[in-house]
Amino acid sequence: MPMKRKCSKLQQLNASLLQAILRSWYTAYLLLARFAKIALTFFFIFFYNTLSSADTIQVFTLPELYEHIHRYHPVVRQAELLPQQAQQEVRLARGAFDPYLNSYFDQKAFKSQEYYSKWNSLVKIPLWFGTDLKLGYEHNTGTYLNPENKTDTGGQTYAGISLPIGQGWLMDQRRATIRQAQAFTQVAEADKIKILNKLLLEATKDYWEWAFAYQKWLLYTHAYDLAVVRYRGVRERAAQGDLAAIDTVEARIEVNNRKLLHQQAWTDYQNGRLILSNYLWQEGQPPVELVTAATPLLPDALHRPVTPDSLQQLVQFARQQHPEILKLQAKLRQLEIEKRLAADKFKPKLTLDYNFLRSNFDFPVESFSSNSLLNNYKLGVSFQYPLLLRAERGKFKLSKLKPTDNALDLQQTTRNLETSLQTTYNELTLLESQIKTQEQLAQQAEILRNGEQIRFENGESSLFLINTREMNLVNYRLKLWELKIKYAKTHASLYWAAGMQP
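340 is the number that the UniProt record's numbering gives to position 340 of the sequence shown; each next residue is one higher, with no gaps.
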């Protein structure tokens, strides 16, 4: 009996010693696996960079994306055409003041007899204040010519002026068109800024989505590698009888689950790269695809906190320089010009035409004496005035209502912009607080995971618990990056809401 008890104690001692040796061996195996994983990671990075040595980009930053967009993007080039088109509209309106030459010739002959021959040519020069200057030559002959149209043998020259005394003196259609075209250049410039800011905002959001997909891929890559290492360790321990065989099934399931997450993260990362490539063009308009070796710059590197003073500066800028505000202000100037033109229609059309007449092209200095001007002229006065003024009154009422509607629209737009800025700022403030809280949660989850890892290595925990703790840590870190990316996109939206580039 004493011999049996002694053998039993010896067997228990040997089993305990074997178990301790296996645990020590497993701990060493895990440490070795970690070092191997780190070495493989560095090797993968080196090999990946070697394969991509032909690519000129490694870290693709947001300013670099902006530079590509500004220089080559077709939408930017289209937006730059808007001010040029507006300038051509101004040139088109100024064409109403271009001098022009007009010539008229009319002749009739019947049975070898000349009835009449009339020739009249003139140069007309429109002036700014509704006045037209005229310089012409007239030569009329013939047997049956109206006596009032007869000229001397050498013809008759004339220099005259057409002067609107009533309607058209202070404002006319020609001047109104130019003023409105000049205001339209400001509308075109505002549209250009609006299009560019919108494009940059969309590019910024897509860039941060790509950055988030990259971080998610890194997290799931690390989690998948840990699951593989743990599966190998569990398999070895189960083969030596230290763990139950069922634990290898659980470890294998965890590997496959994380593999699916890793594959999906890789697909999302590549899709984000392709979406970002839509903003990349080269000179001559060929599209460019972002190289696979390119990685995003983390949002922490571009973190720019917004203070209450900065918010007030953005609000002030939005009130004065936002594209929508500039458009409404320019439109208001156009409507005021339209109102002045409509008010001018209440005046009678009273036009005075005076032509100084001379024979041939004889215009000596003494011919401009008062006696000559009063004895060699052609004078005309025209008058026109509608009795009911229904069209004029209707147009004037409309021209008064439109500026009022535009002013109300300007007030509402300004209020909406201020509200949008304030709400976006509030969201940024909330995100800053959430990021700090999430960082604490991630740190605490890491402590729990590390503690569970030690317990598992000492045989005091289960595979299920260590996997659960580890995935909780991954989810907390993933949520942290999600908040950081959301903060970066909201920050860009804040500057866009103020009418600035993100």
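Note that CB positions come from ideal geometry on N, CA and C, so glycine has one too. None of the values given here were measured: they were computed from a predicted structure.
- In this structure, the CA atom of residue 238 is about 34 Å from the CA atom of residue 215.
- The region 197-212 and the region 477-489 touch, with three or more beta-carbon pairs separated by less than 8 Å.
- In the DSSP assignment, residue 167 falls outside any beta strand (DSSP E), carrying neither H nor E.
- Here residue 455 carries a helix assignment [DSSP, helix/strand/coil].
- Using a C-beta cut-off of 8 Å, the region 326-333 makes contact with the region 169-189, since at least three inter-stretch Cβ pairs fall below that distance.
- By the criterion of a C-beta distance shorter than 7 Å, residue 425 is surrounded in its chain by 306, 311 and 494, once the five residues flanking it on both sides are discounted.
- Cα atoms of residue 344 and residue 168: separation of roughly 7 Å, rounded to the nearest angstrom.
- Annotation for residue 384: the continuous beta strand (DSSP E) segment containing it runs 377-384.
- Counting along the chain, residue 323 sits inside the alpha helix (DSSP H) bounded by residues 323-344.
- Secondary structure at residue 406: helix, using DSSP grouped into helix, strand and coil.
- Distance from the CA atom of residue 125 to the CA atom of residue 179, rounded to whole angstroms, is 20 Å.
- In this structure, the beta-carbon distance from residue 258 to residue 231 does not fall below 8 Å.
- If you draw a 10 Å sphere on the C-beta of residue 262, you find 16 or more other C-beta atoms in it, and that means buried.
- One Cα belongs to residue 166, the other to residue 138, and the distance between them is close to 30 Å.
- Residue 59 sits away from residue 219, with the two beta carbons spaced by 8 Å or more.
- Proximity of the region 387-399 to the region 334-349 meets the contact definition, three or more beta-carbon pairs being nearer than 8 Å.
- Secondary structure at residue 126: strand, using DSSP grouped into helix, strand and coil.
- The DSSP-derived three-state label of residue 132 is strand.
- Contact between residue 134 and residue 96 does not hold, since their C-beta atoms are separated by about 16 Å, which reaches or exceeds 8 Å.
- Straight-line spacing of the CA atoms in residue 176 and residue 403 works out to 16 Å.
- Residue 472 is positioned such that its CB atom lies closer than 8 Å to that of residue 445.
- With respect to the 8 Å criterion, residue 191 and residue 162 are not classified as neighbours on the basis of their beta carbons.
- Residues 200, 201, 204, 492, 495 and 496 of the same chain have their beta carbon placed closer than 6 Å to that of residue 502, with the five preceding and five following residues left out of the count.
- CA-CA distance, residue 102 to residue 189, rounds to 38 Å.
- Closest option to residue 391, judged by alpha-carbon separation, among 319, 346 and 82: 346.
- For the set 62, 466, 414 and 174, the Cα lying nearest the Cα of residue 318 is the one of 414.
- A straight line joining the alpha-carbon of residue 144 with that of residue 152 spans about 16 Å.
- Listed as beta-bridge partners of residue 296 by DSSP are 60.
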